[in-house]
Amino acid sequence: MRAIVKGRHMTLDDHLKAYVEAKIQRPAAKYLDGPSIRLEVELSDLFGPKGGDDKLCEVIMMLPRGNMLRIEEVGSDIYTTIGAAGDRLVRSLERYKGKKLVGGRYPKKYYVAKRLNTVEFPQVGK
């Protein structure tokens, strides 16, 4: 996986790059990894010194066969924004992998839930 971390209107130090790697790049590599996958993370400060909810984390992940995932998260702290974007990316990748495995058929998670509701479990204490 090729990963690119960019900063707009803010400086990127090594600690921030390591945090992006820990919260976004490594969890994404667990789901999809290969030379054709490109991950771009852009961190920016929208309003500069004015303050407010102005820290933006934009994640663009180019997937095989021309598919793309785009996550955008805004908050007041850059670290919480990166964490929230990483969580959303993981949920999107789980959904993408589920669609890829199932295709257009009945999703496996609903099938498993239906089977769990019909299975009778032994009662404890009787």
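Adding 290 to a residue's 1-based position in the sequence shown gives its number in this note's numbering. Backbone N, C-alpha and C define an ideal beta-carbon position, used for all residues, glycine too. Note that the structure is predicted; figures quoted are calculated from it, not measured.
In this chain, the alpha helix (DSSP H) harbouring Val310 covers Asp304 to Val310. The three-state reading of DSSP puts Ile327 in coil, since its state is none of H, G, I, E or B. Taking a cut-off of 8 Å on C-beta distances, the segment 339 to 346 does not touch the segment 312 to 331, as fewer than three cross pairs fall below it.
Close CB contacts of Arg328 within its chain, under the 6 Å cut and outside five residues either way in sequence, are with Arg292 and Met352 (chain order). In the displayed model, Val414 falls within coil according to three-state DSSP, outside both helix and strand. Out of Lys296, Gln413, Thr301 and Leu333, the CA that lies nearest to the CA of Thr371 is found in Leu333.
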